[in-house]
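J.: Chains as they are written, first to last, in our numbering: chain A, 3 to 488; chain B, 1355 to 1798.
Virtual Cβ for every residue (Gly too), placed ideally from N, Cα, C.
No experiment lies behind these values; they were computed from the predicted model shown.
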Amino acid sequence: MKDVAQQALDTATARGATYADVRVVDIRQRYLSTKNMQTGQVRDSESLGIGVRVIARGAWGFAATDDLSRNSVDRVAARAVEIAHASALCKTKDVLLAPESKIVDTWYAPCRIDPFSIPVSSCLDLLLKVDAELLKVKGVTLAEAAMDFRQIDQLFLSSLGSEIHQVKTQTGAGFAATSFSGNGIQRRSYPNSFGGQYQTKGYELVEELDLLAHAPRVGEEAVALHQADQCPQGVKDIILDSSQLGLQIHESIGHPIELDRVLGDEANYAGTSFLTPDKLGKLQYASEIVNVVADATPAHGPGLGTFGYDDEGVPAQVTPIIQNGLFVGYLTSRESAAALSLPRSNGAMRAEGWNRIPLIRMTNVSLLPGTWKLEDLIADTDDGIYMETNRSWSIDDRRYNFQFGTEIGWEIRGGKKTRMLKNASYGGITTEFWNSCDAICNADYWILWGTPNCGKGQPMQTMGTGHGAAPARFRRVQVGVAYGSG
Amino acid sequence: MLTSAQASALFEKVLKYSTAQETEAMISAVSHALTRFANNTIHQNMAEEEVSLSVRAVVDQRTARASTNKLDEASIRQVCESALALARLEPPDPELLPMPPAQAYRGVDRFDPRTADVTPQERAEVARRIIARATKDHLTAAGVVSQGAYSTSLFNSRGLHAHHEETMSEISVTMMGSSSSGWAKETSPKWQELNPEALAARAAEKALQSREPRELEPGKYTVILEPSAVLDLLGFMMMDFGGLAVAEQRSCFTGRVGRKVFGDNISLRDDVYHPLQSGAPFDGEGIPRQRVILVEHGVVKNLVYARQTAHRLKAEPTGHGFPLPNEFGEMPLNVVMDGGKTSVAEMVRSTARGLLVTRLWYIREVDPYQKILTGMTRDGTFWIEDGQVRHGVKNLRFNQSLIAMLNEVEAMSPAQRTSGEETFDMVVPAMKVREFTFSSATKF
C-alpha cells in the first residue's frame, strides 16, 4: 500500500500541490443482529480505497477512488489538484496550516480478542439467547440484539514526510426490549440505547457486558413502564445516569467546542456554535466542580475517540476543555488552529473512510469524575428524578436549547429512590444547565461510553466518539417538557 | 457508473465462483462530487468514485451477505465464499423464501448525461454566483453545489436482472446576517433544472427579513410550514407504513390500519413513477415497486410489503423491501402527498396571528405511538399578524404529535418536489396548521 500512497503523493506534488496527504484505508466490518429469536442481519463488508487531499493555488481539493491501479491513482491525484484549482476560483485568502512535525510510526489499538476470530455461530447463539430471555417476560413484544465489529487499517502519508500506519478494532453490542400495550410503546435497552456500548477494543467488550445476565431486568422494566406514572412537569433536581450524561456531554459540550463550527464552516448543515472565540478563557461554562477534557490518548481508555494520530498526522493529545467550570479549549484542525493563531492543532481531524475528507470531530470528550457515591447522592436529594438511558435527543443549531427524553425515570423523594416514571424528559439552555451541576459521582461510577453514530458534514460522515461520565446531579431543571402540551 | 452489460459481466464472475444453492448480487457504482462553501469561500471540495459488489448466498434455508469494493478475481471469489460461509453458520429460517424469478420493470428515465459531466470549474462558478449575491446584500454565504451519477444492478441465480441509472444534483444555500439567517435548497436528477440565483435570492431575502428577531412566548400557534418543514416531519412516519412494523407492533399505525387517523384533507401515496420522484423502480430483492395509496382522506388504507413480509401476512408484495437479510422489512421511499390550491402568500393573508416556518432542525421522535416529535425552527421564522409577515422571531422548540398535527391542517399549497435535511426527498405541499405546540425558545 505504501507504493500506491507514495505514487499519489508524488503525482499531486508534481501537479503543483504545495501540500498533500494521502490515506489508504481498508475497513472490514461484521454486523450480526437477531430479532424475536430469528437472525436479522448477518453481513460482512470490506471497503478499500485511497483519498488524496491537496492544497494547490492556496485552496483545498480532494479526490478518492477504490481503484488502486497505477493509472487510477495518478488520475485521482491529478483530479484532486484540478479540484483545488477550481476552489481557488472562489477563495478569499490562501489556506494556512498550523505547523506540524514529520512523524513515522506504527500504532495498534489494544485488542485482546479479535472479534473476527469468534465464530459467527457463537455470536448468534448468544444474541438468540438474549432474545429468548427477553421474550420470557410476558408483555415483551419485540426482542432485538446485535453485535458490530469493525477493523480500520489506515496508512497516512503526507508531503511533510510523515508515514503513519494505524490499526484500530472497534466492537459494539447491546439489546433492547420493546413492549406494546394497546395504547403505547415502551422500550428498555442494555447497556445503552441505539446499539448498546461501543469501544475501541475486541470481543472482550462483549464478555464484559454480560448481556444475558441483564436481559430479565431489562425486559421486566420495558413492560412495567406501561403501568408507571407519567413523568411530572415542572422544575426538579435531576440525576443523570452515566450513559445519558455521556450524550448530554456530546451534544452540549462536544459539538459546541468544534472550532470549524465556531468559525462558520458547518453553517449550512450541522450549524455553528455559541462558543465564539471571545468566550475562550472567559466564559463560566459550568459550575466549578465541572472539569471536561478531550482526550484521544490510550491512557484515557478504549474510547471510540482513542487513536495514535488524527487524520492529518497530528499525535493524539489531552486538551482541557472546561477547567473548574471555565471554558478553556476547542477541538481543532491544523487550519482552524492557524486561524486562531494557536501554535499547534490538538489533533481532532477524523474522516469516516477513504472517500471523505477529515473534519474536526470529537475524540473522547469526557467529564472527569467527582467525589460522590451514587447512593449518597440519592440520599442527599430531596425532590428529584433519576433518569436512565437516552430515548430522544435534540438541540438547536448553535447548541443552546436542548431537550432529552430517557427510557426510564425514578422519582427521588426524601433521599430515597421511589416510584418508576415513564416518558421522563428534561430540557434547558446549555450554560444554565451545566452551571446547575452540584455533584458528580466518583471514578467507581465512571464509564467511557461510545457514540457510534455522530453525523456531520456534507456529504454526511458518521463518526464514533467517546464520552466518559459518572452520574451527576443538576439542580432545578425543567422536566416533563416533551409531553407538556403535545 | 456501470452499464447494464458491464454489471452483467461482473455477475457472470459471481456465478462462476458461487457454490451457494441460490446467489444474488447487487452491484452499485457511484461517481459523485460536492463543492462546499462557507464564509464566502470554497473551503471543501471533493470527488469520489466507487464500484461495490454485494453477494447474498442461500443454503439450506439460511442466508447471509458479504460485500466488497475489491473486484479482482480473487476478491470476487472471496466475497462469494464469505457470504456462503456466514450463511452456513446461522440457524435455519423456516420462513426464508426462494429468490424471486425474473421480473418485468416499467422503465423510468432519470439519467441526464449533462449532469454526470459537470466539471469542478462549473460547480465553483455556481458557488461564486451565490457568494456574489451574499456580498451584494452584506451577508455571509454557506452551502453546497453537488452532482453525480450512480447505477444499481440486481441479479440472482433464478434469472432476475434489474438495472437502474440515475443522475442527481443539489444546491443548498444558507445566508447569514449578524442576527439572522435564511436557507433554500433544491435537488433534481437534472443539473440544468436547478436555479442557483433563485435559491440565493430566497435565502438572502429570508435572512434580511428576519433581522433583529424578537422573542416570542412559547405556546400553541397557527403555523405555516413551508414544504421543507412538512417534509422533515413526515419523514419520521414513513417506517410506520411498513407491514412488518405493524405486525411487530412497533408502528404508530398498530391497531389503526383501516381507521381514520388524520383529517379529511390528508392523502398520501407512494409512487416511484411520479415525474417529480427519483430512485429505482425495484426494491432490494428486485421486486417491481407498485404504486400504493397509503392514506386516503385521512384513513390509513394500505401498508407496504416486502416479499417475505407479504408471504407471512398473506398480502401481496408491493416492492418496498430492503436488501435481505434485514430486520426492518420495508418502507415507502417515493412519497407523494396530495396538495391544495392555496399559495403560501394566500395562507399568510388569511392568518390573523401566527408563524411562518422556513425549515425545522434536529427533529427526533419523543413518543413512538403518539408520534410526538421535537425539534427546532431554523433559518427564517417569522411572525404574522393581520395577514402580513411582520418580523423575524427567535427560534423555538416544538413538541408536537404528528398525528394530531395532520388533523389540524387548514390549507395546503400544490405539492412540489422538496428536499430537507432530516429525510429523503418527497413531493409535499406547504401547510397551514392550527394549534402547533412550541414549548420553549432559544437565544437567537
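Output needed for Tyr485(A): all residues of its chain with C-beta closer than 8 Å, excluding positions within five of it in sequence on either side, in chain order.
T.: Taken in chain order, the residues that qualify are Gln232, Cys233, Gln235, Asn425, Ser427.
J.: What residue range does the alpha helix (DSSP H) around His87(A) cover?
T.: Residues 72–90.
J.: Per DSSP, which one or two residues make a beta bridge with Arg190(A)?
T.: Beta-bridge pairing links Arg190(A) to Ala179(A).
J.: By the three-class DSSP mapping on this structure, what secondary structure does Asp280(A) have?
T.: Of the three classes helix, strand and coil, the one that applies to Asp280(A) here is helix, per DSSP.
J.: Between Phe1365(B), Ser1406(B), Asn1393(B), which lies nearest to Val1384(B) when the distance is taken from Cα to Cα?
T.: Val1384(B) has its Cα closest to that of Ser1406(B), out of Phe1365(B), Ser1406(B), Asn1393(B).
J.: Between the beta-carbon of Leu342(A) and the beta-carbon of Leu261(A), is there less than 8 Å?
T.: Yes, these two residues count as a Cβ contact at 8 Å.
J.: So Lys1797(B) and Tyr287(A) are supposed to be a Cβ contact under 8 Å. How far apart are they, rounded?
T.: At roughly 15 Å, the Cβ-Cβ gap does not stay under 8 Å, so Lys1797(B) and Tyr287(A) are not in contact.
J.: Compare the C-beta of Ser89(A) with all C-beta atoms of chain B and state if any pair is closer than 8 Å.
T.: So yes, Ser89(A) belongs to the interface.
J.: State buried or exposed for Gly488(A), treating a residue as buried only when at least 16 other CB atoms are found within 10 Å of its CB.
T.: Because Gly488(A) sits at a pLDDT of 44, beneath the cut-off of 50, its placement in the model cannot be relied upon, and the following sentence gives the value as read from the coordinates. Classification for Gly488(A): buried.
J.: Write down every uninterrupted run of the alpha helix (DSSP H) in the region 1397–1480 of chain B whose length is 4 residues or greater and which is fully enclosed by it, in chain order.
T.: Listed in chain order, they are 1427–1442, 1467–1470.
J.: Of all Cβ atoms in chain B, is any one closer than 8 Å to the Cβ of Trp490(A)?
T.: Chain A is shown from 3 up to 488; residue 490(A) falls before or after that span and cannot be answered.
J.: With 8 Å as the threshold, decide whether the Cβ of Asp1594(B) is near any Cβ in chain A.
T.: Asp1594(B) does not count as touching chain A.
J.: Pairs of beta-carbons, one from the region 271–290 of chain A and one from the region 302–321 of chain A, closer than 8 Å: are there three or more?
T.: Too few Cβ pairs lie closer than 8 Å, so no.
J.: Following the continuous alpha helix (DSSP H) through Asp262(A), name the residue where it begins and the one where it ends.
T.: That run of the alpha helix (DSSP H) goes 261–264.
J.: Does the beta-carbon of Ser103(A) have 16 or more other beta-carbons within 10 angstroms, so that it is buried, or is it exposed?
T.: Looking at its Cβ environment, which holds fewer than 16 other Cβ atoms inside 10 Å, Ser103(A) is exposed.
J.: Could you name the residues of chain B that Pro461(A) contacts, counting a contact when the two beta carbons are closer than 7 Å?
T.: Going along chain B in sequence order, the residues near Pro461(A) (Cβ under 7 Å) are Leu1388.
J.: Quick one: what's Asn1753(B) bridged to in DSSP?
T.: Asn1753(B) pairs with Thr1728(B).
J.: Quick one: is Pro1679(B) near chain A, going by C-beta distance under 8 Å?
T.: It does: the Cβ of Pro1679(B) has a partner Cβ on chain A nearer than 8 Å.
J.: Using 8 Å as the threshold, is the region 66–75 of chain A in touch with the region 296–316 of chain A, meaning 3 or more CB pairs across them?
T.: Not touching, per the Cβ criterion.
J.: Would you decide whether Thr1473(B) is buried or exposed? Buried here means 16 or more other CB atoms lie within 10 Å of its CB.
T.: With fewer than 16 Cβ atoms within 10 Å of its Cβ, Thr1473(B) is classed as exposed.
J.: List, in chain order, every chain A residue whose beta-carbon is nearer than 8 Å to that of Met1591(B).
T.: What Met1591(B) touches in chain A: nothing, since even the nearest Cβ is about 14 Å away.
J.: From His1492(B) to Ile362(A), what distance separates their C-alpha atoms?
T.: If you take the alpha carbons of His1492(B) and Ile362(A), they lie about 28 Å apart.
J.: According to DSSP, is Lys418(A) part of a helix, a strand, or is it coil?
T.: Strand.
J.: What are the partner residues of Trp1537(B), as DSSP defines its beta bridges?
T.: Trp1537(B) pairs with Thr1528(B).
J.: Within its chain, find whatever has a CB closer than 7 Å to the CB of Ile410(A); leave out the 5 residues flanking it on each side and keep chain order.
T.: Counting only Cβ-Cβ distances below 7 Å, and skipping sequence neighbours, we find Arg190, Glu223, Leu227, Glu390, Thr391, Met422, Ala426.
J.: Would you say Pro121(A) lies against chain B (beta-carbon separation less than 8 Å)?
T.: Answer yes: the Cβ-Cβ gap between Pro121(A) and chain B drops below 8 Å somewhere.
J.: In chain order, what residues of the region 1397–1427 of chain B put their CB closer than 7 Å to some CB of chain A?
T.: From the region 1397–1427 of chain B, only His1397, Gln1398, Asn1399, Met1400, Ala1401, Glu1402, Glu1403, Glu1404, Val1405, Ala1418, Arg1419, Ala1420, Ser1421, Thr1422, Asn1423, Lys1424 have a Cβ closer than 7 Å to chain A.
J.: Compile a chain-ordered list of the residues in the region 1523–1538 of chain B whose CB is closer than 7 Å to at least one CB of chain A.
T.: Correct list: Ser1526, Thr1528, Met1530.
J.: Glu1639(B) by DSSP, collapsed to three states: which one?
T.: Looking at Glu1639(B) - three-state DSSP - the assignment turns out to be coil, as it is neither helix nor strand.
J.: Leaving out the 5 sequence neighbours to the left and right, which residues in its chain are closer than 6 Å to Glu1544(B) when beta-carbon positions are compared?
T.: First, the residue type needs correcting, since residue 1544(B) is Lys and not Glu in the sequence shown. Cβ neighbours of Lys1544(B) beyond the five flanking positions: Asp1466, Thr1469.
J.: Can you list, in chain order, the stretches of the beta strand (DSSP E) that have 3 or more residues and sit fully within the region 406–473 of chain A?
T.: Fully enclosed beta strand (DSSP E) runs of 3 or longer: 418–424, 427–431, 439–442, 449–458, 463–471.
J.: In chain A, what lies closer than 7 Å to Phe1798(B) by C-beta?
T.: Simply Arg400.
J.: Looking only at its chain, what residues have a beta carbon closer than 6 Å to the beta carbon of Phe1509(B), apart from the 5 residues adjacent to it on each side?
T.: These residues qualify, in order along the chain: Phe1365, Ala1379, His1515.
J.: Please work out which residues of its chain come closer than 7 Å, Cβ to Cβ, to Asn293(A), disregarding the five sequence neighbours upstream and downstream, and give them in chain order.
T.: Counting only Cβ-Cβ distances below 7 Å, and skipping sequence neighbours, we find Ile324, Gln325, Asn326, Leu370.
J.: Taking CB distances under 8 Å as the criterion, tell me whether Gly1729(B) reaches chain A.
T.: Taking Cβ atoms only, chain A reaches closer than 8 Å to Gly1729(B), which makes this a yes.
J.: Does the beta carbon of Leu1716(B) sit closer than 8 Å to a beta carbon anywhere in chain A?
T.: Note on identity: in this sequence residue 1716(B) is Tyr, with Leu being the wrong assignment. True, the Cβ-Cβ gap to chain A drops below 8 Å.
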